[in-house]
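Right, one structure below, let's go through it.
Protein chains: 2
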Amino acid sequence: MPLVVQKFGGTSVADPERMRTVADHVARCRRRGDDVALVVSAMGKETDELLHMAARISDNPSGREMDMLITAGERKAVALVCMALEEMGVPARSFTGSQAGFKTDTNHRNAKILEITPFRVSETLEAGVVPVVAGSQGVSTENDVTFLGRGGSDTTAVALAHALGAELCELYTDVSGVFTADPRVVPSATKMASISFDEMLEMTATGCPKPVMRSVEVAHNHRVPLHVRSAFTWEPGTLVIEEPEESEMERPIIRAVTHDQSESKITVTDVPDKPGVSATLFRSLADRGVNVDMIVQNVSEQGQTDISFTVPTEHLAAAVEVLEGGVLTSLGASDIRTDETIGKVSVVGAGMKSNPGVAATMFETLASNGINIEMISTSAIRISCVVESERTEEAVQHLHTAFGLDG
Amino acid sequence: MPLVVQKFGGTSVADPERMRTVADHVARCRRRGDDVALVVSAMGKETDELLHMAARISDNPSGREMDMLITAGERKAVALVCMALEEMGVPARSFTGSQAGFKTDTNHRNAKILEITPFRVSETLEAGVVPVVAGSQGVSTENDVTFLGRGGSDTTAVALAHALGAELCELYTDVSGVFTADPRVVPSATKMASISFDEMLEMTATGCPKPVMRSVEVAHNHRVPLHVRSAFTWEPGTLVIEEPEESEMERPIIRAVTHDQSESKITVTDVPDKPGVSATLFRSLADRGVNVDMIVQNVSEQGQTDISFTVPTEHLAAAVEVLEGGVLTSLGASDIRTDETIGKVSVVGAGMKSNPGVAATMFETLASNGINIEMISTSAIRISCVVESERTEEAVQHLHTAFGLDG
Chain A
0 MPLVVQKFGG
10 TSVADPERMR
20 TVADHVARCR
30 RRGDDVALVV
40 SAMGKETDEL
50 LHMAARISDN
60 PSGREMDMLI
70 TAGERKAVAL
80 VCMALEEMGV
90 PARSFTGSQA
100 GFKTDTNHRN
110 AKILEITPFR
120 VSETLEAGVV
130 PVVAGSQGVS
140 TENDVTFLGR
150 GGSDTTAVAL
160 AHALGAELCE
170 LYTDVSGVFT
180 ADPRVVPSAT
190 KMASISFDEM
200 LEMTATGCPK
210 PVMRSVEVAH
220 NHRVPLHVRS
230 AFTWEPGTLV
240 IEEPEESEME
250 RPIIRAVTHD
260 QSESKITVTD
270 VPDKPGVSAT
280 LFRSLADRGV
290 NVDMIVQNVS
300 EQGQTDISFT
310 VPTEHLAAAV
320 EVLEGGVLTS
330 LGASDIRTDE
340 TIGKVSVVGA
350 GMKSNPGVAA
360 TMFETLASNG
370 INIEMISTSA
380 IRISCVVESE
390 RTEEAVQHLH
400 TAFGLDG
Chain B
0 MPLVVQKFGG
10 TSVADPERMR
20 TVADHVARCR
30 RRGDDVALVV
40 SAMGKETDEL
50 LHMAARISDN
60 PSGREMDMLI
70 TAGERKAVAL
80 VCMALEEMGV
90 PARSFTGSQA
100 GFKTDTNHRN
110 AKILEITPFR
120 VSETLEAGVV
130 PVVAGSQGVS
140 TENDVTFLGR
150 GGSDTTAVAL
160 AHALGAELCE
170 LYTDVSGVFT
180 ADPRVVPSAT
190 KMASISFDEM
200 LEMTATGCPK
210 PVMRSVEVAH
220 NHRVPLHVRS
230 AFTWEPGTLV
240 IEEPEESEME
250 RPIIRAVTHD
260 QSESKITVTD
270 VPDKPGVSAT
280 LFRSLADRGV
290 NVDMIVQNVS
300 EQGQTDISFT
310 VPTEHLAAAV
320 EVLEGGVLTS
330 LGASDIRTDE
340 TIGKVSVVGA
350 GMKSNPGVAA
360 TMFETLASNG
370 INIEMISTSA
380 IRISCVVESE
390 RTEEAVQHLH
400 TAFGLDG
């Protein structure tokens, strides 16, 4: 029988009523002939509540204890989902990350999976029982409980699907699929029937919140087909696969317009234009854990240049501290300017590889609407522009129309 | 340095404020020169809440899943207590039952400890770090998570104290020690400075709610001194030890008067008085999991007798079902009568071994107050009488006075 790994997020299992709905769905899938393994997140807002509880005790709790605390949430959820399944006549067995064979590194709060040996899960499936695995957790090489980070259940599901040789990994969530733009911003945005891994990766990297990027990376690396779909309407969602089925002719050049308003821009002015400057600058930021996204370096004038880059706004203070704490001086740069009022708008589509006019269309669309472009970055299948924060949504709407995506 | 295992119950760690108080106490103990290992229960009413959540999903959830669910409570508590300790500058490390080396049988919901290999806990102590162990949990011989039952944290603490060779096991709770009677019933009841294991066992077996009997049994078997005390007032409580320090002369003959109103009486009438009858009767009840407490068999008349026994009222329906489901017929007995309106009052004291008048005093006290005795059972250091439920507390008060226990 084909094996499907189904992941249910926090809102999908927020209360006993929702859990019964999930159990009913699983029972139907089995009656239709699928073998099913589940991955379940903590219920509703539980992870937030646990974080809040910890914050009432400590401003800086140890990662090890945070992981011990937070992973309790998924344990409760898997046990309760098993009870709901059994009530519906579906035999089920819960597994912690450790019991399911998820071995991780010791990087608490955000551990990486090193190896999966899911023999207990396989035995359970072979016995005709539904395994229900706690999402986003594992056991470290030092035998401590680890948490894979927020949204880590998607990664658990994809990695488990790969380890079990599943045909498909279904990510059930509170949205009904992947859209051509955020439907809150673009009412005419449409759900895509399918999208390639490459496109999905670019979308998640530029603001599409679900599925989380890390799970798409794992799916891409191991060629695990994903189905992003709703646990509320149960309608078909979006397939994320190697090669979408539509012929190249039928596919739009641009698949989606994404945006992200969570970044800020830093410009370092009057940097001497000599080898090693960028290396020093970005190494010092990386050492502090600051994620740098776009980087633009101006043309050099009189042996000096400006370097602009974007960082998550939550990293801005740390970045400024690093720069003003000696890096500027050692580079011989004069000053930094920061701007929190930026937005990034991106167009994504594999079709642009064979259609050179995409960039021009994007720039013209923004220009004709009086939206100034502050930074540009491109990949083979994506073009991103930084614009004024308050004009970002407007930019998304115009681009969605310009590239013929309005439903 | 002397090692003390300290167990904190649910009310002692009910919220962040209480956890900070516990952490402060642990810091003080360490400053005074003790090594400390902690055992912690789930916060406040958490276990009840988890049971309630499960009940909303299933009337009869599997024991395995119940244990996965409930043990999440202690995991949260140990992580948060560690954070509170670290905030106070006390290095701390949490351990699940499994990580602390508690191997149990597979009897879910009420697992028994088979073996403890607490090497991670020992290493932690040697490193000068406070180990904080999740109470009432372990891992079964089938590598599943197990729960030791309600009140199991006391047992975890005593077993851990034995395994680590601790000098003392302190059970911190919401009462300030062991009293000569329930202070709600007898206002003049006094806290005992110390009591022997044997007396404590008889008291817990006859209605004294704390500490739980199972932990006293383990302490008794392994000669682990207990200190039952308050996590709210921090005053010295009651030592449970091999031989209390007071000289025999100073010790009262009776140490305490206990009572229990949670049992019901069943009388099987006109049972043929022949070998094997009692065996059949009580084996069939045991097979159904019914705990039988007191048993009284009347003198045989014309080859027939009556057998009366008490069971927890919560087991009454099951007991009746067993008896009426064939046992009565197979015994040739005529009928059963049940009575839920009974109470058991007991006097406990090692001194009664050398003072034969205790039973007479007890019976006279009840008789002179017009309280009828329905059943009697005795051990070497205890006498229990079943009386009318509504006169139980009155009986306790009179006996407390009669044996000179009023403070």
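Respectively, the protein sequence lines represent chains A and B.
At position 163 of the first sequence the residue is numbered 162 (numbering that gives the first Met the number 0), and the sequence of numbers has no breaks.
At position 341 of the second sequence the residue is numbered 340 (numbering that gives the first Met the number 0), and the sequence of numbers has no breaks.
Beta carbons are placed, not taken as given, at the ideal position from N, Cα and C, and that holds for glycine.
No experiment lies behind these values; they were computed from the predicted model shown.
Residue-level contact by beta carbon fails for ALA317 (chain B) and chain A, as no gap is shorter than 8 Å. Using a Cβ-Cβ cut-off of 7 Å, GLU125 (chain A) is close to nothing in chain B; its nearest Cβ partner there is about 17 Å away. Between VAL177 (chain A) and VAL227 (chain A), the C-beta spacing is below 8 Å. Counting only Cβ-Cβ distances below 7 Å, LEU68 (chain B) has contacts in chain A at LYS75, ALA78 and LEU79, in chain order. Per the Cβ contact rule, the region 141-151 of chain A is in contact with the region 102-116 of chain A (3 or more Cβ pairs under 8 Å). For MET374 (chain B), there is no enclosing alpha helix (DSSP H); the residue is found in the beta strand (DSSP E) stretching over 374-378. When Cβ-Cβ separations below 8 Å define contact, ALA53 (chain A) makes contact with chain B.
Not one beta carbon of chain B lies nearer than 8 Å to the beta carbon of MET212 (chain A).
With a threshold of 16 other beta carbon atoms within 10 Å, PHE402 (chain A) meets it and is buried.
Residue nearest to LEU163 (chain B) within the set B:VAL185, B:ASN142 and B:GLY100 is B:GLY100 (criterion: CA-CA distance).
DSSP places PRO15 (chain A) in the uninterrupted alpha helix (DSSP H) bounded by 15-30. Between GLY43 (chain A) and THR10 (chain A), the C-beta gap is smaller than 8 Å, which places the two residues in contact. The C-beta separation of CYS168 (chain B) from VAL4 (chain B) comes to about 5 Å, placing the pair in contact by the 8 Å criterion. VAL138 (chain B) is classed as buried because its beta carbon has at least 16 other beta carbons within 10 Å across all chains shown.
Between the C-alpha atoms of MET82 (chain B) and SER57 (chain A) there is a straight-line separation of about 6 Å. Going by DSSP, THR145 (chain B) is part of the beta strand (DSSP E) stretching over 144-146.
With contacts defined as CB atoms closer than 8 Å, LYS352 (chain A) and ALA379 (chain A) qualify as a contacting pair.
Residue state for LEU404 (chain B) is assigned as coil, using DSSP reduced to three classes.
When the beta-carbon positions are compared, LEU2 (chain B) and ALA36 (chain B) come within less than 8 Å of each other. Contact of ALA71 (chain B) with chain A by beta-carbon distance below 7 Å involves ALA71, ARG74 and LYS75.
A distance below 6 Å between beta-carbons, with the five flanking residues on each side excluded, links GLU373 (chain B) to the following residues of its chain, in chain order: VAL385. The region 275-290 of chain B makes no contact with the region 354-368 of chain B; the number of CB pairs closer than 8 Å stays below 3.
Under the Cβ distance rule, MET82 (chain A) counts among the residues neighbouring chain B, one pair being separated by less than 8 Å.
Burial state of LYS273 (chain B) is exposed, judged by a 10 Å Cβ sphere holding fewer than 16 other Cβ atoms. Taking C-beta atoms under 8 Å as the contact rule, THR172 (chain A) and GLY72 (chain A) fail to qualify, at a distance of about 17 Å.
ALA394 (chain B) counts as buried, since no fewer than 16 other beta carbons sit within 10 angstroms of its beta carbon. 8 Å or more divides the Cβ of ALA158 (chain B) from the Cβ of VAL129 (chain B). Taking each of A:GLY236, A:ASN290 and A:ARG119 in turn and checking the Cα distance to SER193 (chain A), the smallest one comes out for A:GLY236. Distance between HIS51 (chain A) and GLY134 (chain A), taken at the CA atoms: about 20 Å. Pairing VAL80 (chain A) with VAL131 (chain A) gives a Cβ-Cβ distance under 8 Å. If you check each beta-carbon in the region 363-389 of chain A against every beta-carbon of chain B, none falls closer than 7 Å. In the DSSP annotation of this structure, HIS314 (chain A) is not part of any alpha helix (DSSP H), being labelled neither H nor E.
When DSSP assignments are scanned along the region 145-216 of chain B, the uninterrupted stretches of alpha helix (DSSP H) that are 4 or more residues long and fall wholly within it turn out to be 151-163 and 196-204. With respect to GLU242 (chain A), GLY348 (chain A) sits apart: the two C-beta atoms are not nearer than 8 Å. ALA53 (chain A) is classed as buried because its beta carbon has at least 16 other beta carbons within 10 Å across all chains shown. ARG30 (chain A) has its alpha-carbon roughly 54 Å from the corresponding atom of ASN368 (chain A).
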